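Enquirer:
Residue numbers (our numbering): 180 to 514.
1. Counting beta carbon pairs with one atom in the stretch 440-454 and one in the stretch 412-421, are three or more of them shorter than 8 Å?
2. Relative to the C-alpha of residue 467, which candidate in 475, 453, 305 has its C-alpha closest?
3. Please report the straight-line C-alpha distance between residue 328 and residue 287, rounded to a whole angstrom.
4. So, residue 471 versus residue 486, is the Cβ gap smaller than 8 Å?
5. Using the Cα positions of residue 495 and residue 395, report the straight-line distance between them to the nearest angstrom.
6. Would you mind listing the beta strand (DSSP E) stretches within the stretch 357-431 that are 3+ residues and don't spill past its ends, in chain order?
7. Out of 305, 293, 304, 358, state which residue places its alpha-carbon closest to the alpha-carbon of residue 319.
8. Can you tell me whether DSSP reads residue 508 as helix, strand or coil?
9. Between which two residues does the alpha helix (DSSP H) holding residue 274 run?
10. Please state whether DSSP places residue 467 in a helix, a strand or coil.
11. List the residues that DSSP assigns as beta-bridge partners of residue 309.
12. For the beta strand (DSSP E) that contains residue 478, what are its first and last residues?
13. Leaving out the 5 sequence neighbours to the left and right, which residues in its chain are closer than 7 Å to residue 326 when beta-carbon positions are compared?
14. On the DSSP bridge list, what partners appear for residue 484?
15. In or out: residue 303 buried (at least 16 other Cβ within 10 Å) or exposed?
16. Going along the chain, which residues of its own chain have a beta-carbon closer than 8 Å to the beta-carbon of residue 147, five neighbours each way excluded?
17. Output needed for residue 334: all residues of its chain with C-beta closer than 6 Å, excluding positions within five of it in sequence on either side, in chain order.
18. What number of angstroms, rounded off, separates the C-alpha of residue 408 from the C-alpha of residue 393?
19. Hey, residue 502 and residue 425 are a contact pair by Cβ (cut 8 Å); roughly how many whole angstroms apart?
20. Work out the CA separation of residue 370 and residue 378 for me, nearest whole Å.
21. Measuring alpha carbon to alpha carbon, tell me which residue in 476, 362, 488 is nearest residue 413.
22. From residue 423 to residue 497, what distance separates their C-alpha atoms?
23. Between residue 278 and residue 373, is the Cβ-Cβ spacing less than 8 Å?
24. May I ask which residues mark the beginning and end of the alpha helix (DSSP H) holding residue 338?
25. I believe residue 484 touches residue 499 by the beta-carbon criterion, under 8 Å. Please report the beta-carbon distance rounded to the nearest angstrom.
26. Go ahead and pull the three-state DSSP assignment for residue 493.
27. Taking the beta carbon of residue 474 as the centre, do at least 16 other beta carbons fall within 10 Å, making it buried, or is it exposed?
28. Alpha carbons only, please: which of 428, 354, 415 is nearest the one belonging to residue 491?
29. For residue 480, I'd like the list of residues in its chain whose CB is within less than 8 Å of its CB, leaving aside the five on either flank, ordered along the chain.
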């Protein structure tokens, strides 16, 4: 028996020759109703026409122009270019525009990974010739962003402008829809509430389509170390310090010899401890209890990490030890 119904949508390119980031009708939307049942999830894809009929039943039958600009249509238009974990649908640039009324900063993470990798290749290039070679492979991207610099005239000094064009164009090309969305928020007196300083951070977490970078400090603050009283406490504290050294080493921001060398990241550690497949875009906020016993154990149901007491382990040994445990866990070994 179904208990909850969730409505979501995804979209895809309908015409490969259409401009990248364009909001014109070059995307087909597929709405998905997910029924969470007692015996497991069940997905049923339905035609967008059903959504239109639902709107007509509630709001009356609109003209084609009205329907094209209705709330649901705007959400489709403003949805981010590729799927991300979590609930959000807006890019960072669009979120900033909603909250600030203008695009104050550009976020390279709004771009697909394949585009980011090519831009990183450009940054690593040591000559204009090698930059031109990478730039020449991005014809679709530069055309979609209306960046018209010819390949022969492109150089390293133009990389920054090219990045800005790639990030800003998807937002600027749907400015009309963004302004409509903002006016609707203002009509219902929601916009002022969202733009209050104390609410902006939370709103960004809700609207933004990007996973915020995880820091060693943020992960440390999620963990509650439960030290016992008595003779065991000193050994437990030394063991806990060794694990914190492992977190710091995984952040790649340490000058210590205790480094993971890029094999393990903080995101890997959080996935290992939580059992989650992805870190939600809105962040992971539940506390993880750290206890101490005679063996290492991860209980993802209770969100509890049990560490084996190691009083004489050096920081370097602790990093190698915990990195090995994680690498040999299901987080790394499962397909």
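All C-beta atoms in this analysis are idealised placements derived from N, C-alpha and C, irrespective of residue type, glycine included. In this text, all values refer to a predicted model and were calculated from it rather than measured experimentally.
Expert: So, from the data block:
1. The stretch 412-421 is not in contact with the stretch 440-454.
2. For the residues 475, 453, 305, the minimum Cα distance to residue 467 belongs to 453.
3. Residue 328 and residue 287 have their C-alpha atoms some 20 Å from each other.
4. Residue 471 is a Cβ neighbour of residue 486, given a cutoff of 8 Å.
5. The alpha-carbon atoms of residue 495 and residue 395 are separated by roughly 17 Å.
6. Complete beta strand (DSSP E) runs here, min 3: 402-404.
7. Cα-wise, what sits closest to residue 319 is 293.
8. Coil at residue 508, not helix or strand.
9. That run of the alpha helix (DSSP H) goes 271-279.
10. When secondary structure is reduced to three states using DSSP, residue 467 falls in the strand class.
11. Residue pairing by DSSP leaves residue 309 without any beta bridge partner.
12. Residue 478 -> beta strand (DSSP E) spans 476-478.
13. Result list for residue 326: 341, 344, in chain order.
14. In the DSSP assignment, the residues bridged to residue 484 are 469, 477.
15. Under this definition residue 303 is an exposed residue.
16. No answer is possible for residue 147: the residues shown for the chain start at 180 and end at 514.
17. Here residue 334 has 307 as same chain residues with Cβ atoms under 6 Å from its own Cβ, once five neighbours each way along the sequence are excluded.
18. For residue 408 and residue 393, the distance between alpha carbons rounds to 32 Å.
19. Confirmed, about 7 Å.
20. So the two alpha carbons sit approximately 11 Å from each other.
21. When only C-alpha atoms are compared, the closest one is 488.
22. Roughly 9 Å between the two C-alpha positions.
23. Yes.
24. Residue 338 -> alpha helix (DSSP H) spans 338-351.
25. Not quite, the Cβ-Cβ distance comes to about 18 Å (not below 8 Å), so this is no contact.
26. Residue 493 falls in the coil class under three-state DSSP.
27. Classification for residue 474: exposed.
28. When only C-alpha atoms are compared, the closest one is 415.
29. Counting only Cβ-Cβ distances below 8 Å, and skipping sequence neighbours, we find 454.
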